[in-house]
Amino acid sequence: MSYQEPAPIPDKENPFESMMKRFDKAAEILQLEPGVYEFLKTPAMQVIVSIPIQMDDGSIKVFEGYRVIHNYALGPAKGGIRYAPDVTLDEVKALAAWMTWKCAVMDIPFGGAKGAVKCDPKKLTRVELEKITRRYTANLLDIIGPDKDIPAPDLNTDEQIMAWIMDTYSMHVRRTERAVVTGKPLILGGSPGRREATGRGVMIVTLAAMERLGLKPKKSTVVVQGFGNVGSISAKLLAERGLKIIAISDITGGYYNKKGIDVEKAIKYVQNNPEKTLEGFDGGDKITNEELLELECDVLIPAAREDQITKHNAPRIKAKLIVEGANGPTTASADPILEEKGILVVPDIVANAGGVTVSYFEWVQDRMGFYWTTEMVNERLERMMLSAFENVYNIAKAYNVSLRLGAYILAVDKVAKTLKLRGIYG
Numbered sequence: 443m444s445y446q447e448p449a450p451i452p453d454k455e456n457p458f459e460s461m462m463k464r465f466d467k468a469a470e471i472l473q474l475e476p477g478v479y480e481f482l483k484t485p486a487m488q489v490i491v492s493i494p495i496q497m498d499d500g501s502i503k504v505f506e507g508y509r510v511i512h513n514y515a516l517g518p519a520k521g522g523i524r525y526a527p528d529v530t531l532d533e534v535k536a537l538a539a540w541m542t543w544k545c546a547v548m549d550i551p552f553g554g555a556k557g558a559v560k561c562d563p564k565k566l567t568r569v570e571l572e573k574i575t576r577r578y579t580a581n582l583l584d585i586i587g588p589d590k591d592i593p594a595p596d597l598n599t600d601e602q603i604m605a606w607i608m609d610t611y612s613m614h615v616r617r618t619e620r621a622v623v624t625g626k627p628l629i630l631g632g633s634p635g636r637r638e639a640t641g642r643g644v645m646i647v648t649l650a651a652m653e654r655l656g657l658k659p660k661k662s663t664v665v666v667q668g669f670g671n672v673g674s675i676s677a678k679l680l681a682e683r684g685l686k687i688i689a690i691s692d693i694t695g696g697y698y699n700k701k702g703i704d705v706e707k708a709i710k711y712v713q714n715n716p717e718k719t720l721e722g723f724d725g726g727d728k729i730t731n732e733e734l735l736e737l738e739c740d741v742l743i744p745a746a747r748e749d750q751i752t753k754h755n756a757p758r759i760k761a762k763l764i765v766e767g768a769n770g771p772t773t774a775s776a777d778p779i780l781e782e783k784g785i786l787v788v789p790d791i792v793a794n795a796g797g798v799t800v801s802y803f804e805w806v807q808d809r810m811g812f813y814w815t816t817e818m819v820n821e822r823l824e825r826m827m828l829s830a831f832e833n834v835y836n837i838a839k840a841y842n843v844s845l846r847l848g849a850y851i852l853a854v855d856k857v858a859k860t861l862k863l864r865g866i867y868g
């Protein structure tokens, strides 16, 4: 038998393959010719860099960094950088492709990219994190740039890390270049509204989808999995609009209260908890994350991580509407089960695109050197989110497919048309 790379247990679906299955279906419906299919499937560039740094104890340690640019057809590449001990090149490739489709669906002039460093930030000091970030940036100087590839925060990276990337890049090009990254602190050219943009986008499309299903906000219940930036802000904004949040959760488990959870109280609790988790929160009965997903509710918002709704638990999901706050929370094998149950799923590439949309606004403002008010940002975000939702909804109807497939059809068609117009150089 030939040698095989040790792979994760087969039950855990590979995120790149889940994405490819959906892409394949869209390509088939659009009858893409084989060459165009091949071109859209293949990342334009995959870079692996080694990041040697001197640790605080004087020893030298080498970390591995990645940057994948999936496609340039619509404009410069855009995508976050994650720091995680278990990150793989496959995962980065899948996330880069997702960014291509997300920008196309949102009508943003960017291609898709993603970056990562294989490290555990919890085990690193601030000084070591800064060294890793600066060396990673220096190694990618030929790749990133305001007109080429614009990184942003992702898992375990924040505005401080963006500030270090901006500074390192600026030192090398001998001028302050604010537009090289987004998700920066406000004082360094960040955009108002950026921090809550993804959660706000989730809220906007949730209300739009509820309207399609005839669900009244004041009479509807919501379950939110994940209480980080996206989960907590979605819950807070939906509660403000009269929806009843009956359950929330984070890595410590779920908290259920059929009378409704006081979201503001939960957010304050997490802020004041040294662990920054919901551990010990008394606003609801303790349940597991698995039970949480299967609760009776109108709207389910998975805003934690990928692969939460699988073929194993999909048959037991009772929500009428699922809005994907996280990237890839539903595996490809769960899609047909949810569809058969008549559950409307607003896919991640639409539902959580508020973040990349306001990132785009930040890049535009940095390049103009002129900044908008929070109201202008929120108003423009709402317009773009609603227009994307509308387009996806109409395409899904026209082709008689799910919203997810509709989104992929819209995105793949747009990138393919752009590619044909530009032609192949060489």
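The opening residue of the sequence shown carries number 443 in the working numbering; numbering runs sequentially from there.
All C-beta atoms in this analysis are idealised placements derived from N, C-alpha and C, irrespective of residue type, glycine included.
Please read these numbers as outputs of a predicted model, since none were measured by experiment.
Own chain residues within Cβ distance below 7 Å of residue i, not counting five before or after
i: P551; result: L516, G517
i: S633; result: V800, F803, E804, Q807, V819
i: I709; result: S674, K678
Through-space distance from residue j to residue i, alpha-carbon basis
i: L863; j: L482; result: 14 Å
i: E717; j: L734; result: 22 Å
i: F803; j: F831; result: 19 Å
i: E470; j: A838; result: 15 Å
i: E824; j: G500; result: 50 Å
i: R636; j: T579; result: 22 Å
i: Q667; j: D777; result: 18 Å
i: E782; j: L845; result: 14 Å
i: R620; j: L737; result: 45 Å
i: T648; j: K700; result: 20 Å
i: A745; j: G673; result: 5 Å
i: E721; j: G695; result: 8 Å
i: L630; j: L571; result: 20 Å
i: G656; j: T663; result: 14 Å
i: A594; j: E653; result: 33 Å
i: A681; j: A639; result: 16 Å
Same chain only: Cβ atoms within 6 Å of residue i, ignoring 5 sequence neighbours per side
i: A546; result: A853, K856, V857
i: V510; result: P485, Q488, V534, K535, A538, K556
i: A849; result: V547, P789, I791, V792, V834
Contact check, residue i vs residue j, beta carbons under 7 Å
i: K626; j: A605; result: yes
i: M827; j: I646; result: yes
i: I785; j: I764; result: yes
i: T599; j: Y711; result: no
i: N592; j: K544; result: Residue 592 is actually Ile in this sequence, not Asn. Not a contact, by the Cβ cut-off of 7 Å.
i: V435; j: K678; result: Residue 435 falls outside the range modelled here, since the chain spans only 443 to 868, and no answer is possible.
i: G670; j: I703; result: no
i: C739; j: V843; result: no
i: L723; j: Y698; result: According to the sequence provided, residue 723 is Phe. The question's Leu does not apply to it. Going by C-beta atoms, F723 is not nearer than 7 Å to Y698.
Assigned exposure category for residue i - 16 Cβ within 10 Å defines buried
i: S870; result: Outside the displayed span of the chain (443 to 868) sits residue 870, for which this structure offers no information.
i: N714; result: exposed
i: T730; result: exposed
i: I851; result: buried
i: I607; result: buried
i: E480; result: exposed
i: D498; result: exposed
i: H754; result: exposed
i: H512; result: buried
i: K658; result: exposed
i: P567; result: The sequence shown places Thr at residue 567, not Pro. Classification of T567: exposed, given that the 10 Å Cβ count is below 16.
i: P476; result: exposed
i: P527; result: exposed
i: D727; result: exposed
Sequence-distant residues of the same chain with beta carbon closer than 8 Å to residue i, five excluded per side
i: K463; result: A774
i: E506; result: I490, V491, S492, I493, V559, K560
i: V788; result: V647, T648, A651, L763, I764, V765, E766, F831, L845
Cβ-heavy atom distance, residue i to the ligand HEM, below 6 Å
i: I791; result: Of the ligands one can find in the structure shown there are none, so the ligand HEM has no counterpart to examine.
| Where are the beta strand (DSSP E) runs, 3 residues long or more, that stay fully inside the segment 469–548, in chain order? | 487–496, 502–511, 519–526
| query | What runs of the alpha helix (DSSP H), each 4 residues or longer, lie entirely inside the segment 781–825? | reply | 790–793, 796–810
| task | Please go through the segment 693–736 and give each complete beta strand (DSSP E) segment of 3 or more residues, from N-terminal end onward. | result | 695–698, 727–729
| In chain order, which continuous runs of the beta strand (DSSP E) of length 3 or greater are located wholly inside the segment 588–636? | 591–595
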